[in-house]
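In what follows, a single structure is set out as structure tokens and then discussed.
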Amino acid sequence: MSKTQLNSALWVVATPLGNLGDISRRAISTLKKARIIFAEDTRRAGQLLDNLEIKGPRFLSLHEHNEEQRIKTAIEQVEAGNDCCLVSDAGTPLMADPGYRLVRSFRQKNLPVIPVPGPCAPIAALMASGIAPYPFTFLGFLPRKQGELESLFTKWKDVPGTLVFFERKNRVTASLSAAFNILGPRELCIARELTKKFEEFIPGTLGKTTINSDGLLGEITIIIGPPLKDSAPTEKADLLKVVDRHVQEGCKLKQAAKLASQECTGWNSKQIYNLMINKDN
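Residue numbers 434 to 714, in the numbering used here, belong to the letters of the sequence shown in order.
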């Protein structure tokens, strides 16, 4: 059978983020007819199909360490006339999940790839954030190393658009601090537990909004708005004047630095404090 005559395909299927009611009828019918379902976590995929009362498809794990092997299997299955599905643990595949190389390989071989759209965490968070939704850039999960994190934010610092990314709860505070140090004050919205019982949106401003990460659960979606019109960093000379004013009013240096960080753009209290104690060196 030629590729143009194939009735089978690789179906890229979006699944619920947390609310089973969000799955589409088309997604259900597609999953039902699949011979193989590729998933990063086959247990979660199996639980989803159990909840949908779908039986029959075979599950194969797909992750960065076995994707090349799975590509070969998927191509063989589709060329043999069998449908295959790609799903993520939750939401839309390829959004910070494995599968890109699989889809690309199908395209390079001119084999059919069909999207079945549905729930998507970055889009859902944008929809309810109140922050300018376009243009936006999705950064996936942020790098863990501080140097790489700072380089990433520096790369996007002067780009006029909204940034959307995923972060783990134990890294939210550090990542937001790094973002503020480089991007300055911007609109912020933290979305958690999307579509679930305890869904929450926390709006605020970089550098001012404090987050108790102990109360956060699951995967966090963070949205940072575009540069504010007046977000250019305060000049050092002007910053020093603000600190001196607070010191003359009777504040200790640490308190003066904290107050100055709230009045000045692009500086946090630690940076200001260190600047003051080293200014005569």
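A virtual CB, placed ideally from N, CA and C, is assigned to each residue, including glycine.
Straight-line gap, residue 574 to residue 657 (C-alpha atoms, nearest Å):
14 Å
If you measure between the beta carbons of residue 589 and residue 518, is that distance less than 8 Å?
no
Which listed residue (474, 539, 610 and 693) has its alpha carbon closest to that of residue 579:
610
Determine the closest residue to residue 639 out of 646, 472, 655 and 633, with distance taken between C-alpha atoms.
Cα-wise, what sits closest to residue 639 is 655.
Per DSSP, which one or two residues make a beta bridge with residue 581?
In the DSSP secondary-structure assignment, residue 581 is not bridged to any residue.
Contained alpha helix (DSSP H) runs [length at least 4] in the region 467–505, N- to C-terminal order
You should have 475–484.
Closest by CA to residue 479, which one among 492, 468 and 469?
Answer by Cα proximity: 492.
Going by DSSP in three states, residue 548 sits in which element: helix, strand or coil?
Residue 548 carries a strand assignment under DSSP once its states are collapsed to helix, strand and coil.
Where does the unbroken beta strand (DSSP E) through residue 625 begin, and where does it stop?
620–625
Nearest to residue 447 by CA position, among 630, 455 and 677, is which residue?
455
DSSP beta-bridge partners of residue 406:
Lying before the first or after the last residue shown, residue 406 is absent from the chain, which here runs from 434 to 714.
I'd like to know whether the C-beta atoms of residue 546 and residue 439 end up nearer to each other than 8 Å.
no
Counted within 10 angstroms of its Cβ, other Cβ atoms place residue 516 as buried (16 or more) or exposed
Flag for residue 516 reads buried.
Taking just the CA atoms, how far does residue 691 sit from residue 703?
8 Å
Note down, one range per segment and in chain order, each beta strand (DSSP E) of at least 3 residues found wholly within the region 583–614.
595–600
So, under 8 Å CB-CB, residue 568 and residue 594 are touching, yes? Tell me the CB distance rounded to an integer number of Å.
Yes, residue 568 and residue 594 are in contact; Cβ-Cβ is about 4 Å, under 8 Å.
Among 685, 679 and 541, the one whose alpha carbon lies nearest that of residue 508:
541
Leaving out five residues before and five after residue 529 in sequence, what residues of the same chain have Cβ atoms less than 6 Å from its Cβ?
573, 574 and 599
Quick check: residue 523 and residue 450, are their CB atoms within less than 8 Å of each other?
Cβ atoms of residue 523 and residue 450: closer than 8 Å.
Contacts around residue 624, its chain only, beta-carbon distance under 6 Å, and the 5 residues preceding and following it disregarded
558, 634 and 654
Residue 536 to residue 494, Cα distance in whole Å?
15 Å
Considering only their Cβ atoms, is the gap separating residue 469 from residue 490 smaller than 8 Å?
yes
Between the alpha carbons of residue 700 and residue 671, how many angstroms are there, rounded?
Approximately 12 Å, taken between the alpha carbons.
Segment limits, alpha helix (DSSP H) that includes residue 539
533–541
Look at residue 621 and residue 643 and say whether their C-beta atoms are less than 8 Å apart.
no
Just confirm the distance between the C-beta atoms of residue 531 and residue 473, as a whole number of angstroms; I'd bet it's less than 8 Å.
6 Å
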